[in-house]
């Protein structure tokens, strides 16, 4: 089997490019599972001399508005409406155009954003945010606390159908009524133009991280009501409040964001503009980097990785995220957890991560990988399942056959042909080809359905698949952020996994104040998920990219985002 897959890898790598993942973002800590390739920090990237023979040598781009930094983080975004986005590429653009009440600094600490200060009540159930003086939208109109009231209620609006609504607002008092359409039930208020108050129904230890999360960015009510469906697709209607604003948008080519002169911290912005190249093809992105058109690209052709490894402008950072397979739990035979378990057992995760993915990712033997903090202290990963992995890193073909027989399908007899849906970029296609062979060993016939990125995520979200590639990158370092994706009513639960045990553990964790007990609840959630094979973890994500040392002042976060708002470009 491996000889054949090696051939598939060799041929597929010639046309494959980097992966696109879920956000979640929305995505660095070292661990025993860290990639074997050398790691650098983004700070090192700004200082190291370029010794890669293919590194860019072109001068920095100057425009009438000042220096322009050209980067590539993905193709056409599905959406850059903060309430609707759930992908890393769209999120990366949003965080440059919008600013929440709070922000995350380069050390991943919560910092003031639109709010210059905030306080909590003694019982930790009321948060009061005090906005800065003179805040404005990018069109120059005043931004007030009422804009946050409107924006947070909009996330709950069932007609908007924000996929993150439950994750970011379920702990706010009145959420259950608001999500059904009574938006005024949501306990957010503006006593005056500079004060925004949020009342929680239960304690949430990571609420400050939510106040810094892009879904809860303020959006301009007037712009949205004037063009509900199209406001986030055109520069003239994309009114924002962050360090940059969109001034040019050519689909499938680029988005240009220009410095927002109405941003409160505009004096700290050194760039005149950022040009986001909208490229899906890794070879095109690599060419843009080599010619100097782009000074940073995320979509690195995988066949170039061996030659790039060890060069000073190639970076690998482990991020908080998992590459996994979603099974549509509402369709036969995936309603049967034994079928799901058999498919999981037949996968050689070590081979997937270290051969197919060239060691850039690491084998996922749990759903939650290294780097996630445990509420009780230490590493969540190290404490999971009594310190033992849930899954084997190598395939257990005979064990998988026995479980499949127990499910009523001896040697796969009686199972229909199964379809695996994926987008073609990065490692996705070669992984799909491997799964065809791995599952054939237990009698399962697999067809592969390749869908372009622009159509893939809406298709997966609508449940129009049997099995599909999936992945999630954390938005903040609390494991509930990962587990929420598999909660029965969550808008990001693509596989529609439903488990009373899993939901009960998550419900308990949401209201538990004691860190030790909350830790137990979250571990119980993972226990249930892995026992029922609610999804099939394959690998733990890393980001790898090319970045010129001419970029200074930028950084990359463990949540998979690049921060260019305070960057500069040197000659």
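Residue numbers (this note's numbering): 148 to 718.
Even for Gly, the Cβ is constructed at its ideal location relative to N, Cα and C.
Note that the structure is predicted; figures quoted are calculated from it, not measured.
Backbone CA spacing between residue i and residue j [nearest angstrom]
i           : j           : result
residue 474 : residue 488 : 11 Å
residue 537 : residue 508 : 18 Å
residue 156 : residue 641 : Confidence at residue 156 is low in this model, with a pLDDT of 36, below 50, so the placement of that residue should be treated as unreliable; the coordinate-derived value is given next. So the alpha carbons of these two residues sit roughly 28 Å apart.
residue 514 : residue 547 : 19 Å
residue 591 : residue 585 : 9 Å
residue 680 : residue 505 : 26 Å
residue 702 : residue 533 : 36 Å
residue 199 : residue 359 : Its pLDDT being 44, under 50, residue 199 is placed unreliably by the model, and the measurement read from it follows with that caveat. Taking the straight line from one Cα to the other gives about 37 Å.
residue 201 : residue 437 : For residue 201, the predicted model reports a pLDDT of 42, less than 50, meaning its position is unreliable; a value from the coordinates is still stated below. Cα to Cα, the separation comes out at about 6 Å.
residue 712 : residue 372 : 29 Å
residue 250 : residue 589 : 49 Å
residue 347 : residue 273 : 6 Å
residue 238 : residue 492 : 34 Å
residue 263 : residue 386 : 22 Å
residue 542 : residue 634 : 28 Å
residue 339 : residue 275 : 12 Å
residue 658 : residue 334 : 17 Å
residue 192 : residue 253 : Low per-residue confidence applies at residue 192: pLDDT is 38, beneath 50, and the placement is therefore not dependable enough to give any value.
residue 580 : residue 587 : 11 Å
residue 620 : residue 356 : 15 Å
residue 190 : residue 270 : Only weak support exists for where residue 190 lies, its pLDDT of 39 falling under 50; the value from the coordinates is given anyway. Going by the C-alpha atoms only, they are around 40 Å apart.
residue 644 : residue 678 : 13 Å
residue 88  : residue 246 : Limits of the chain in this structure are 148 at one end and 718 at the other, which puts residue 88 out of reach.
residue 435 : residue 608 : 32 Å
residue 218 : residue 242 : 15 Å
residue 256 : residue 704 : 11 Å
residue 268 : residue 345 : 11 Å
residue 180 : residue 512 : For residue 180, the pLDDT reaches just 30, beneath the cut-off of 50, and the residue's location in the model is therefore unreliable, although a value from the coordinates is still provided. Going by the C-alpha atoms only, they are around 10 Å apart.
residue 413 : residue 682 : 45 Å
residue 277 : residue 336 : 12 Å
residue 697 : residue 464 : 20 Å
For residue i, the nearest candidate out of the options (CA to CA)
i           : options            : result
residue 739 : 453, 513, 541, 426 : Since the first and last residues shown for the chain are 148 and 718, residue 739 lies out of range.
residue 411 : 346, 370, 260      : 260
residue 294 : 248, 274, 645      : 248
residue 695 : 443, 334, 238      : 443
residue 455 : 298, 691, 238, 264 : 691
residue 430 : 404, 414, 451      : 451
residue 384 : 416, 471, 244      : 244
residue 628 : 609, 354, 332, 419 : 354
residue 519 : 626, 283, 265      : 626
residue 684 : 553, 500, 424, 419 : 500
residue 503 : 381, 282, 582, 602 : 582
residue 422 : 698, 279, 401      : 401
residue 689 : 466, 332, 300      : 466
residue 330 : 336, 553, 301      : 301
residue 553 : 606, 486, 517      : 486
residue 403 : 280, 216, 341, 343 : 216
Cβ-Cβ distance between residue i and residue j below 7 Å
i           : j           : result
residue 707 : residue 220 : no
residue 570 : residue 398 : no
residue 632 : residue 624 : no
residue 325 : residue 303 : yes
residue 671 : residue 652 : yes
residue 496 : residue 484 : no
residue 469 : residue 687 : yes
residue 407 : residue 417 : no
residue 214 : residue 419 : yes
residue 432 : residue 446 : yes
residue 471 : residue 637 : no
residue 674 : residue 699 : no
residue 556 : residue 593 : no
residue 662 : residue 523 : yes
residue 604 : residue 313 : no
residue 482 : residue 212 : no
residue 460 : residue 693 : yes
Any non-hydrogen atom of the ligand COA within 6 Å of residue i CB
i           : result
residue 508 : This structure lacks the ligand COA, and indeed carries no ligand of any kind.
### Query
Touching or not, the segment 606-613 and the segment 284-295, by the rule of three or more beta carbon pairs under 8 Å?
As far as the Cβ criterion goes, the segment 606-613 does not touch the segment 284-295, which means the pair count is below three.
### Message
For a minimum of 4 consecutive residues, which ranges assigned as the alpha helix (DSSP H) are wholly contained in the segment 398-460?
### Response
Counting only runs of 4 or more, we get 429-438, 452-455.
### Query
Three or more C-beta pairs closer than 8 Å, one from the segment 224-234 and one from the segment 292-311: is that the case here?
Contact holds: three or more Cβ-Cβ distances are below 8 Å.
### Message
To test your reading of the DSSP string, which unbroken alpha helix (DSSP H) runs of 4 or more residues are found completely within the segment 645-685?
### Response
Taking only runs of at least 4 residues, the alpha helix (DSSP H) segments lying wholly in the segment 645-685 are 647-658, 662-678.
### Query
Are three or more beta carbon pairs between the segment 308-328 and the segment 364-373 nearer than 8 Å?
Look at the beta carbons and you see the segment 308-328 not touching the segment 364-373: under three pairs across the two are nearer than 8 Å.
### Query
In chain order, which alpha helix (DSSP H) runs of at least 4 residues are fully inside the segment 556-597?
Here the runs fully enclosed are 575-587.
#### Entry: Three CB pairs or more closer than 8 Å across the segment 523-530 and the segment 656-676
Proximity of the segment 523-530 to the segment 656-676 meets the contact definition, three or more beta-carbon pairs being nearer than 8 Å.
### Query
What are the start and end residues of each continuous alpha helix (DSSP H) run of 4 or more residues lying completely inside the segment 350-390, in chain order?
Counting only runs of 4 or more, we get 354-357, 368-373.
### Query
Hey, is the segment 573-584 in contact with the segment 545-565, meaning 3+ C-beta pairs nearer than 8 Å?
No, they do not touch.
### Query
In the segment 501-543, which residue ranges form an unbroken alpha helix (DSSP H) of at least 4 residues, counting only runs that do not cross its ends?
The segment 501-543 contains these whole alpha helix (DSSP H) runs: 527-530.
### Task
Would you mind listing the beta strand (DSSP E) stretches within the segment 279-351 that are 3+ residues and don't spill past its ends, in chain order?
DSSP runs (the beta strand (DSSP E)) wholly in the segment 279-351: 335-339, 342-346.
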